[in-house]
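These notes concern the structure reproduced below.
There are 2 protein chains.
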Amino acid sequence: MEFSTILPLSQLSCFIPKTCTLIRAHPFKPWRHRNSKPARFRCQKMYVPGFGEASPEKKAAKNMHNFFTYIAVRIVGAQLEVPSVPSCYSYNTEAHKDLLEFLDKNSLNDGDKFCAALMRESPRHKGLAMRILEVRSSYCKKDFEWDNLQRLASKMADESNTRIMRDYVLETSHDPKID
Amino acid sequence: MEFSTILPLSQLSCFIPKTCTLIRAHPFKPWRHRNSKPARFRCQKMYVPGFGEASPEKKAAKNMHNFFTYIAVRIVGAQLEVPSVPSCYSYNTEAHKDLLEFLDKNSLNDGDKFCAALMRESPRHKGLAMRILEVRSSYCKKDFEWDNLQRLASKMADESNTRIMRDYVLETSHDPKID
C-alpha cells in the first residue's frame, strides 16, 4: 500500500485565482507592507503566502494527524487480525470483520470524521473507535520517530535535487565522443 | 488555499484487499512470526503493517517533501509577484506569468515530477525550477519548525480525541432536567 500524496487538486485549483487577486489589489505594493505578521520578518524567514491565520506547520500537523489515524487503523486491524490471547479469538475475529466492513463503506481521508462515524455505528464499533483514538495519540507521542522524519526529509531534499539536476544535464548534454 | 488531505483514495482502496491476502496466507500465524524486522519489537513499539521495506517515517517524509515543493512554489510566486528591486521588474513579471501558466497546466501532486517538467519547458522556466529546488531545500532545513510540528500534532491528537468523545457523550446522553 502506498502513502504518497499531498496536494489535492482542490487546493491547486485555487492557487492561481488567489494570487491573481493579490496582484490586482496591490499591483506595486511590496509584500512586506501588506503582511500583518511582522514576526516572520524579524526572524529572517522566507514569506509563505496563502496560509491565513494558520501556518505551514499547522497545515502539516493536520496532515500528520490524519496520517496517524490511518496508521492507528492499520495497527488495530493487525492486532485484531490474529488474536494473541486465544480466549478473545471470537471478539477479535468479529471486531476485525466489523472494521473491514466499516472501512469498505467509509473514507479515511478525514480521520476525525471517520472515528466519529465509527463510534456511532454500534456499541462494538464504539469500542473499536475508542481503541483507534487511543492508539493514534500514543503512536504520535511515543512511537513515531520525529527526528527520523526530519532527517529523512532533509536527505530526500538533497537527493531529489541532485537527481533532478543530474537527469537534466544527462538529457541535454552531448558526449563529444559519441557525436 | 487549503492544505488538508492525506490519504488518496488509491491507498485506501487497496487497504482491505492486502489485509485479506494476509489473512488467507497465514490464517493462524501471529504477526510476530511473520515479520522480518525484529528491531521494531525489541524497542516495544506497536507493529504497523503494510509499509514493506519503507517505514511510516519514510512515507511521511515523502509527503513532507511534496509539501515543501508546494511551499517553495508559493514562496517563489510571492517573491516574483512584486519586485523588490525595480530594475528586475520586467524579469519578475514575466517569470511570475510563466509560473502561473505552468501551474495551470501541470499538477503539483508530485513535486519532483513538477520540477523536472518545469526545468525542460524553456531556459527561463529552468531558472524558475532551479530556484524552487533551492528554496524547498532551504525551507526544509532552516525555516520549517519541526519542533512546532511535533508539538502541534500532539496537541491536535489530544484535542481531537477529547472533542470526539465529548460530542458523542453530549449526543447520546440525556439531561434529566430536560426529560
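Top line first, the protein sequences correspond to chains A and B.
Numbering that gives the first Met the number 0 puts the first residue of the first sequence at 0, with every later residue one more than the last.
Numbering that gives the first Met the number 0 puts the first residue of the second sequence at 0, with every later residue one more than the last.
Beta carbons: idealized from backbone N, C-alpha and C, even for Gly.
Under the 9 Å criterion on CB atoms, residue 124 of chain A is classed as non-interfacial with respect to chain B. Residue 172 of chain A has a beta carbon lying at 9 Å or more from every beta carbon in chain B. Between the beta-carbon of residue 114 of chain A and that of residue 128 of chain A there is about 5 Å, and that keeps the pair under the 8 Å contact cut.
Chain-order list of chain A residues neighbouring residue 89 of chain B: empty, with the shortest C-beta distance near 14 Å, by a criterion of under 8 Å.
Out of A:163, A:67, A:156 and A:152, the CA that lies nearest to the CA of residue 136 of chain A is found in A:67. Residues of chain B whose Cβ lies closer than 8 Å to the Cβ of residue 67 of chain A are, in chain order, 152 and 156.
Listed along chain B is no residue with a C-beta nearer than 7 Å to that of residue 120 of chain A; the closest approach is about 12 Å.
Assigned with DSSP and collapsed to three states, residue 111 of chain B falls in helix. In this structure, the straight-line span from the alpha carbon of residue 72 of chain B to that of residue 170 of chain B is close to 44 Å. Taking 9 Å as the threshold, the shortest C-beta distance from residue 97 of chain B to chain A does not fall below it. At a cut-off of 9 Å between beta carbons, residue 148 of chain A contacts chain B. For the stretch 68–82 of chain B, the set of positions with a beta-carbon nearer than 7 Å to some beta-carbon of chain A reads 69, 70, 73, 74, 76, 77, 80 and 81 in chain order. Residue 158 of chain A sits in a helix when the DSSP states are folded into three classes. Chain A places a beta carbon closer than 9 Å to that of residue 128 of chain B, counting this residue as a contact. Here residue 97 of chain B has 123, 124 and 127 as same chain residues with Cβ atoms under 7 Å from its own Cβ, once five neighbours each way along the sequence are excluded.
By the Cβ neighbour-count rule, residue 159 of chain B is buried, with 16 or more other Cβ atoms within 10 Å of its own.
Annotation for residue 48 of chain B: no alpha helix (DSSP H) segment contains it, and DSSP assigns it neither H nor E. Annotated as proximal: residue 143 of chain A and residue 59 of chain B, with beta-carbon spacing under 9 Å. The DSSP assignment places 122–137 as complete runs of the alpha helix (DSSP H) inside the stretch 111–147 of chain A, in order along the chain (cut-off: 4 residues). At the C-beta level, residue 117 of chain A and residue 105 of chain A come within 9 Å of one another. Against chain A, the beta carbon of residue 134 of chain B has neighbours under 9 Å at 45, listed in chain order.
Under the three-state reduction of DSSP, residue 44 of chain B is assigned to coil, being neither helix nor strand.
Straight-line spacing of the CA atoms in residue 61 of chain A and residue 69 of chain B works out to 16 Å. Taking C-alpha positions only, residue 63 of chain A is separated from residue 173 of chain A by approximately 44 Å. Each of B:155, B:120 and B:138 was checked against the Cα of residue 152 of chain A, and the nearest Cα belongs to B:138. Contact of residue 59 of chain B with chain A is assigned, a C-beta pair being separated by under 9 Å. Membership of residue 173 of chain A in any alpha helix (DSSP H) is not indicated, and neither H nor E is assigned to it by DSSP.
DSSP places residue 65 of chain B inside the alpha helix (DSSP H), whose first and last residues are 55–80. With 16 or more neighbouring CB atoms inside 10 Å of its own CB, residue 81 of chain B falls in the buried class. Beyond the five residues adjoining it in sequence on each side, residue 166 of chain A comes within less than 7 Å, by CB distance, of no other residue in the same chain.
Around the C-beta of residue 149 of chain A, 16 or more other C-beta atoms lie within 10 Å, and the residue is accordingly described as buried.
The beta carbon of residue 93 of chain B does not come within 9 Å of any beta carbon belonging to chain A, so the residue lies off that interface.
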